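Engineer: Take a look at this one; I'll ask things after.
2 protein chains.
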Amino acid sequence: MANSDESATIYEVAQRAGVSIATVSRALRGTGPVAAKTRERVLRAVEELRFTPSRLGVSLASGRHAANGIVFPDLSGPYFAEVLLGYEEVASELGRSVIVLSTRGRAAVPDLVRDLAGRVDGMVIFGQTVRDEVVAEIAASGMPLVMIARGDAVAGADVVASENTESAARLATHLLGHGYRNFALAGGHDQGDISQRWTSIGRVLAEHGITPPEPSPCEFTVDGGYALGRYLLSAHHHSGPRPDVIVCADDQVALGVILAAEERGLSIPGDVAVTGWDDIMAARHARPALTTVRQPMRDLGARAARALDELINGVRDTPSSQVIPTELVVRASCGSHPLEEA
Amino acid sequence: MANSDESATIYEVAQRAGVSIATVSRALRGTGPVAAKTRERVLRAVEELRFTPSRLGVSLASGRHAANGIVFPDLSGPYFAEVLLGYEEVASELGRSVIVLSTRGRAAVPDLVRDLAGRVDGMVIFGQTVRDEVVAEIAASGMPLVMIARGDAVAGADVVASENTESAARLATHLLGHGYRNFALAGGHDQGDISQRWTSIGRVLAEHGITPPEPSPCEFTVDGGYALGRYLLSAHHHSGPRPDVIVCADDQVALGVILAAEERGLSIPGDVAVTGWDDIMAARHARPALTTVRQPMRDLGARAARALDELINGVRDTPSSQVIPTELVVRASCGSHPLEEA
DNA sequence: CGTGAGGGTGTAAGCGCTTCCACTCATCCC
DNA sequence: GGGATGAGTGGAAGCGCTTACACCCTCACG
C-alpha cells in the first residue's frame, strides 16, 4: 500500500522476516537449504512488502543479465518484424528479455553495439549490419554471438540462415521454363546473404548459355524498387532489349517494380514478369500476386534465440551453423506455367 | 589484444593511469574537475585497456538504466513493427536502449511486466495489453509510463493516441456518400482504441437514420478477417440482406475479408465494399487497393519515446495526452466516388 | 607574508544482490 | 556415548561503479 516510490530491498524483507539477507536470497532462489517455516516467513514478508528483487543487484552479483540483444540493420518492413517476433517469443520463454537495436541511420554503430554488449548475455546480429572487425571484437570478448542471414561463417559465432542457393536455382529454373531469357536482377549484393542468390541464379543462367546480368543495386524498400523499376523499364537505359523478367532481392522491391511497370503501362506478367523473395503478407495480396520464395522468418528468429541460449548456457561451445529450408511460391506475377496449372 | 574474456574494470584503468578510481570516473563522465594531464593519462589507459564501463555498475550506482521498455500485445503485422521502429529510433537518439516485451501467448503477464519495470527507467504500454490494476500498480511505483492507442486516460500516465473519432466519421460519411446503407463492422471493440471508431461510425449512421450494427469480433489478422468474412458473406447467417459494405478494424482484417469475398465469387467493390484501417503496405498493393485510414504509426512510437523521456527527466510531471491526426485514404475497394474522381 | 578560495585528488561509503565460509545444533551410527 | 554428518543459518566479501567528503596544495589578494 504505502509502497510509495522505491521498491523494498532484500534487507527490509530480511528484517521483517527476522532472518539474514543470505537466507532471504536462498529462500527466494531455491539455492541452499532453508527450513520450511523460515521459507514461509520470508515469503510472507516478500508478499507484504511487494518485494521484487532488483535486477541490477541480481545481475551485478550473479554476473548474468538474463537478457539478449538483437541488432537489426533496419526495423522497417515485415521481414525484420517477423524475425523479431520469433526471437522475442522464444527468448521470453527462456526467461530472457530482449533488447533491440536498429543501426539504420545511426552514426556510431560500434559504440552502440558495445553498449548493447554490456547489457546482455549474448546477442544476435543480422548479416553485415556491423563491421566484421567489430563483430570479431565482440566475439573475442567472449560474448555468445549468433549471426543471422549471413552466407559465410564468422569465427566464434553461430550462424542461422535460410537456404538460398538451392531455392534461387529452383526459381531461376522455373523462370527459364516460362521461356524468359532476358533477366534483370534488382537489389545489390552487399546486403546479408543475398549475393548467394545472385550467384546461384547466375550459375543456372550460365548453364543455359545465358550471360548472367549484374545485379542493380537499390534500397530494399518499395520506393527503392519503384525507382529501380523505372530505370530498368525505361526504353533507353541500355543498349539491349527490355528485360522480360525482373528477379528482385525481396518482395518490397518487387512490389515497387510492379508499381513502376504499371505506371509505364506494362502488364505483368505479359510484358514483364516479376518475382520477389521472402513472401511477406503483401506478396499474397498484391496485384498480380507475387511469385516469391517463402522464407521462414519467425523460425529464423526462434532458432537464433535457441542457439544463443545454448551458447550462453554452455550446452555447446563449438559454433554451429544451421540452414533453414525455403519454399518456392509460384503465383501470377511470373506468368502461368503449364506445370503449375496442372 | 590480450583482452581475453572479461572486460577491464575501472580499477585496472585507475592503476594503469596511476590515479584513483574516483578520478577515472570523473575524467570519463566529466563530473568534477580533473587536470588536463591527468585526464589524458586516464584516456590513454582507457584506450589501451579497451575499457568500457560496466552498465550494471553504472546503473546500480547511478540509479538509472538508460533503457526504456515497450509492451506490445503482439508483434505480428506491420502496425506494431512500425510503432517500434519510430520508438526505437527516438529512444536510441536519446541514448536509451529499448527492451521489448510481447505479451501474446504469455501466461504470467504481470510478472513479465514487473520484471521489465526493474530493467528500465520508464515504459510504454499498448492499449489494453496489461490489466488496468497492474498498470496502476506500475504507475503508483513511480515508474514513468506512456500509454499508446488508448481511448481513455490512465492515472499518472501519458497517453499518445491517433485520432479516431473524427476520421471514423469521415469514413462513414464517405461510405454513405457512395450509397451504402447496410453496414457490417468487422473486429471486436475490446482491443485498443477501436471502440472509439465504432462509436463514431455508429453515431454517423444513426444521424442518417440507420441502426448501427454490432461489431463482429475477430482476430486482428488476415486469417481472422477471412474467417469473419466468410461468415458475414454467407447467404444465411442472419435474416437481413448481405452487407453492402464491410468496415474493418484494421487492414489485415480487410485483406482477409477481401479473400473471403473473392472466394465467394463476389466482386469488390461491386458486390460488397471493404475498408480497412492503418494503411499498411499491403493496403496499397492489394487488389483492389484498400480504402483505409492512414495512421502515423512511426510517429506514434516516436512521440511516445519523447513523452517518456520528458517524464523520466522530470521536464514535466503532469501527464499529457496527445492525439495525432489521421488521414482518410480513398482507394478502389470502396467504389469509385464522383467526388474523389474529380 | 599570512590567509582564504578553490582546483585537483583520494578515501570510503554505498547501490542490492549472491555466495563462500564458518558456525551451531540435531541426528545418526558404530 | 562420542564423533561424524549435514541441515540450517548468519557474517561478510565482493560485483563495478558514482559521489559525498576530506584533504592537500597552489595562488591571488590584502
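Protein sequences appear in the order of chains A and B.
For what it's worth, our numbering labels the leading residue of the first sequence as 22, then goes sequentially.
For what it's worth, our numbering labels the leading residue of the second sequence as 22, then goes sequentially.
Glycine included, C-beta positions come from ideal geometry on N, C-alpha and C.
Quantities reported herein were computed from a predicted structural model and do not represent experimental measurements.
1. Going by DSSP, what residues sit across from Ser216/A in a beta bridge?
2. Hey, out of Ser118/A, Leu115/A, Arg125/A and Ala157/A, whose CA is closest to Arg135/A's CA?
3. Starting from the C-beta of Gly356/A, find all residues in its chain whose C-beta is less than 7 Å away, skip the five residues before and the five after it, and write them out in chain order.
4. Under 9 Å between C-beta atoms, does Thr30/A make it to chain B?
5. Exposed or buried, which one is Ser123/A when buried takes at least 16 other CB atoms within 10 Å?
6. Closer than 6 Å by C-beta to Ile222/B: which residues in its own chain qualify, once you throw out the five before and the five after it? Chain order, please.
7. Identify the contact partners of Met302/A in chain B, using a Cβ-Cβ distance below 9 Å as the criterion.
8. Pull the bridge partners of Ser118/B from the DSSP assignment, please.
9. Determine whether the Cβ of Gly126/A lies closer than 9 Å to any Cβ atom of chain B.
10. Could you check whether the Cβ of Glu33/A sits closer than 9 Å to any Cβ belonging to chain B?
11. Pick from Arg324/B, Phe241/B and Val278/B: whose alpha carbon is nearest that of His306/A?
12. Please list the residues of the segment 303-324 of chain B that have a C-beta atom closer than 7 Å to any C-beta atom in chain A, keeping them in chain order.
13. DSSP three-state call for Leu64/A: helix, strand or coil?
14. Any idea what DSSP makes of Gly322/A, helix, strand or coil?
15. State buried or exposed for Val334/B, treating a residue as buried only when at least 16 other CB atoms are found within 10 Å of its CB.
16. Determine the DSSP secondary structure at Ala48/A, reduced to helix, strand or coil.
17. Please check the pair Arg315/B and Thr347/B, which I expect to be a contact at CB under 8 Å, by giving their CB distance rounded to whole angstroms.
18. Using a 10 Å radius around the Cβ and a threshold of 16 neighbouring Cβ atoms, would you call Ala174/A buried or exposed?
19. Quick check on Ile333/A - is its C-beta less than 9 Å from some C-beta in chain B?
20. In chain B, which residues lie less than 7 Å from Val119/A when you measure between Cβ atoms?
21. CA-CA distance, Gly90/B and Gln217/A?
22. Taking only beta-carbon positions, decide if Ser75/B is within less than 9 Å of chain A.
23. Strictly by DSSP, which residues pair up with Met168/A?
24. Would Ser274/A be called buried (16 or more neighbouring beta carbons within 10 Å of its own) or exposed?
25. From Ala282/B to Ala138/A, what does the alpha carbon distance come to, in whole angstroms?
26. Which two residues bound the contiguous beta strand (DSSP E) that contains Ile231/B?
27. Is it buried or exposed for Thr296/A, if we count other Cβ within 10 angstroms and need 16 for buried?
28. Given this structure, state the Cα-to-Cα distance separating Met302/A from Gly98/A, to the nearest angstrom.
29. Using a Cβ distance threshold of 8 Å, determine whether the segment 335-344 of chain B contacts the segment 169-183 of chain B, with at least three qualifying pairs required.
30. Which value, in whole angstroms, describes the spacing of the CA atoms of Ser354/B and Ser288/B?
31. Using Cβ-Cβ distances below 9 Å, what residues of the segment 148-162 of chain A are close to chain B?
32. One question on the structure: do Glu109/B and Ala328/B come within less than 9 Å of each other, judged by their Cβ atoms?
33. How many Å lie between Asn185/B and Ala270/B at the Cα?
34. Using 9 Å as the limit for Cβ to Cβ distance, is Val344/B near chain A?
35. Within 9 Å (strictly less), CB to CB, does Ala88/B reach chain A?
Structural biologist: For this structure:
1. The sequence position of residue 216/A within the first sequence is 195, counting from 1. DSSP, once it has assigned bridges, lists no residue as partnering Ser216/A.
2. Here residue 135/A refers to the residue found at position 114 when the first sequence is read from its first residue. Cα-wise, what sits closest to Arg135/A is Ala157/A.
3. Taking the first sequence and counting its residues from 1, one reaches residue 356/A at position 335. The residues are His199, Pro290 and Ala294.
4. Stepping through the first sequence from its first residue, residue 30/A is reached at position 9. Thr30/A does not count as touching chain B.
5. By one-based count along the first sequence, residue 123/A stands at place 102. Ser123/A comes out buried.
6. Counted from its first residue, the second sequence places residue 222/B at position 201. Within the same chain, Ile222/B has close Cβ partners Ala189 and Ala193.
7. On the first sequence, residue 302/A is found 281 positions in, with the first residue counted as 1. Correct list: Gly98, Pro99, Val243, Gln273, Leu276, Ile301, Met302 and Ala303.
8. Within the second sequence, the letter at position 97 stands for residue 118/B. Bridge partners of Ser118/B: Ala88/B.
9. The residue you call residue 126/A lines up with position 105 of the first sequence. At least one chain B Cβ lies under 9 Å of Gly126/A.
10. Position 12 of the first sequence, counted from the first residue, corresponds to residue 33/A. Chain B, which has no Cβ nearer than 9 Å to the Cβ of Glu33/A, makes this no.
11. In the first sequence, residue 306/A corresponds to position 285, counting from 1. For His306/A, the nearest C-alpha among the options comes from Val278/B.
12. Ala303, His306, Ala307 and Arg308
13. One-based indexing of the first sequence puts residue 64/A at position 43. In this structure, Leu64/A counts as helix in the three-state DSSP scheme.
14. Looking up residue 322/A in the first sequence gives position 301. In this structure, Gly322/A counts as helix in the three-state DSSP scheme.
15. Along the second sequence, one-based indexing puts residue 334/B at 313. Residue identity check: residue 334/B is Asn in the sequence provided, not Val. A residue is called buried when at least 16 other Cβ atoms come within 10 angstroms of its Cβ; Asn334/B does not meet this threshold and is exposed.
16. Position 27 of the first sequence, counted from the start, is the residue given in the question as residue 48/A. In this structure, Ala48/A counts as helix in the three-state DSSP scheme.
17. On the second sequence, residue 315/B is found 294 positions in, with the first residue counted as 1. On the second sequence, residue 347/B is found 326 positions in, with the first residue counted as 1. Yes, Arg315/B and Thr347/B are in contact; Cβ-Cβ is about 6 Å, under 8 Å.
18. Locating residue 174/A in the first sequence gives position 153, counting from the first residue. Ala174/A should be labelled exposed.
19. Counting from 1 along the first sequence, the entry for residue 333/A is found at position 312. By this cut-off, Ile333/A is not an interface position.
20. Working through the first sequence from its first residue, we reach residue 119/A at position 98. Result: Ile120 and Val121.
21. Taking the first residue of the second sequence as position 1, residue 90/B is located at position 69. Taking the first residue of the first sequence as position 1, residue 217/A is located at position 196. Cα to Cα, the separation comes out at about 37 Å.
22. For the purposes of this step, residue 75/B is taken as the residue at position 54 of the second sequence. Interface flag for Ser75/B against chain A is set, since a Cβ pair is found closer than 9 Å.
23. Locating residue 168/A in the first sequence gives position 147, where the first residue counts as 1. Looking at the DSSP assignment, Met168/A forms a beta bridge with Ile146/A and Val180/A.
24. Your numbering for residue 274/A matches position 253 in the first sequence. Note that residue 274/A is Val in the sequence shown, not Ser. Under this definition Val274/A is a buried residue.
25. In the second sequence, the residue the question calls residue 282/B occupies position 261. In the first sequence, the residue the question calls residue 138/A occupies position 117. When rounded, the distance between both Cα atoms is 50 Å.
26. Locating residue 231/B in the second sequence gives position 210, where the first residue counts as 1. Here Ile231/B belongs to no beta strand (DSSP E), and DSSP marks it neither H nor E.
27. Taking the first sequence and counting its residues from 1, the one referred to as residue 296/A is at position 275. By the neighbour-count rule (16 or more Cβ atoms within 10 Å), Thr296/A is buried.
28. Along the first sequence, read from residue 1 onward, the residue named residue 302/A stands at position 281. Along the first sequence, read from residue 1 onward, the residue named residue 98/A stands at position 77. One C-alpha to the other measures close to 10 Å.
29. yes
30. Working through the second sequence from its first residue, we reach residue 354/B at position 333. Working through the second sequence from its first residue, we reach residue 288/B at position 267. Roughly 10 Å separates the two Cα atoms.
31. Glu158, Ala161 and Ser162
32. The residue given as residue 109/B occupies position 88 in the second sequence. The residue given as residue 328/B occupies position 307 in the second sequence. Not closer than 9 Å, so no.
33. Against the second sequence, residue 185/B aligns to sequence position 164. Against the second sequence, residue 270/B aligns to sequence position 249. Roughly 11 Å separates the two Cα atoms.
34. To locate residue 344/B, count along the second sequence from 1; it is residue 323. Cβ-Cβ to chain A under 9 Å: no for Val344/B.
35. Within the second sequence, the letter at position 67 stands for residue 88/B. Yes, because at least one Cβ of chain A sits closer than 9 Å to the Cβ of Ala88/B.
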